[in-house]
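Asks: Right, I'll just put the structure down here and ask away after.
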Amino acid sequence: MSRANAIIAVSTVLCLGWFLTTINAKDFNFIFDPHELECSGNVTYDRVMLTAYRPRTASDERRDYTDIKLKKLNSLQDYLDDRVPYVTVGMDPLLKIPYGTPVCIPELNIHFRRNLNLQVRDTHQDLIGGGYRRVDICVRTQADSFDDYVNLMDATLIF
C-alpha cells in the first residue's frame, strides 16, 4: 500500500469512528417542560419595553463599556455561550434598585429555552423616568442590538 493510500484508509477509519459512537438520548435534553422556564418572584410588571444596548469598547470613556461599579458589561450572547455567569441589565436610576438584583423576563426564557440570569447592574441617563416599564438588555454587538427578541414592546418583568 502506498503512503497516499494509507493516509486515505486512516482518514476513512477516523471518519467512520464518528458514526460508530453510541449516543444515548438521555444525554441530551431536547424536550423541556415549559414550567421549568417560569419565573419566581413577588412583584410582576406587565407591558415592559425591552431595549438592547451594547458596550462601546473603542470609546475613551470607561463608562461606555462598564456597569455602574465599573465592572465589565456581560452580554446576553456571552451568557448564552457560557462565558459569563449573568447578563447585565440596566434600569432607571431613580428606582435605586440594589446592584446585582436578579430579575426575570419570561418571554426571553421561553425564546432561549432556558432560564436567564439577568441582574440589574447598570443604568443610564436615557432610562430616567422609565421606571419599571423600561429595561435595557446588554448585547454583544451592534448587529445583536437589532434583533427583535431584545426589543420587545410588551414584555413581563418579575422581581
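Numbered by mature numbering (1 follows the signal peptide of the UniProt record, and there is no 0), the letters in the sequence shown go through residues -25 to -1, 1 to 134 in order.
Glycine included, every Cβ here is placed at the ideal spot set by N, Cα and C.
Is it buried or exposed, M66, if we count other Cβ atoms within 10 angstroms and call 16 or more buried?
Replies: Looking at its Cβ environment, which holds 16 or more other Cβ atoms inside 10 Å, M66 is buried.
Asks: Measuring alpha carbon to alpha carbon, tell me which of Y107, Y28, D122, I103 ends up nearest D21.
Replies: Ranking the options by Cα distance to D21, first place goes to Y107.
Asks: Using alpha carbons as the reference points, say which of K71, A33, Y124, D97 lies closest to Q52.
Replies: Nearest option by C-alpha distance: Y124.
Asks: Does the region 71 to 82 come close enough to the region 28 to 40 that 3 or more CB-CB pairs lie under 8 Å?
Replies: Segments in contact, no.
Asks: Answer yes or no: do S50 and C113 have a C-beta to C-beta separation smaller than 8 Å?
Replies: Cβ distance < 8 Å, so S50 and C113 count as in contact.
Asks: Give every residue of the same chain whose Cβ lies closer than 7 Å to the Cβ of residue 136, excluding the five residues on either side of it in the sequence, and list them in chain order.
Replies: A query on residue 136 cannot be resolved here, the shown segment of the chain reaching from -25 to 134 and no further.
Asks: At which residue ranges does the region 76 to 115 contain complete beta strand (DSSP E) runs of 3 or more residues, listed in the order of the chain?
Replies: The qualifying runs are 76 to 78, 93 to 97, 109 to 113.
Asks: Would T131 and E82 qualify as a contact pair, given that the criterion is a beta-carbon distance under 8 Å?
Replies: Taking 8 Å as the Cβ cut-off, T131 and E82 qualify as a contacting pair.
Asks: From the DSSP output, which residues share a beta bridge with K47?
Replies: K47 pairs with T41.
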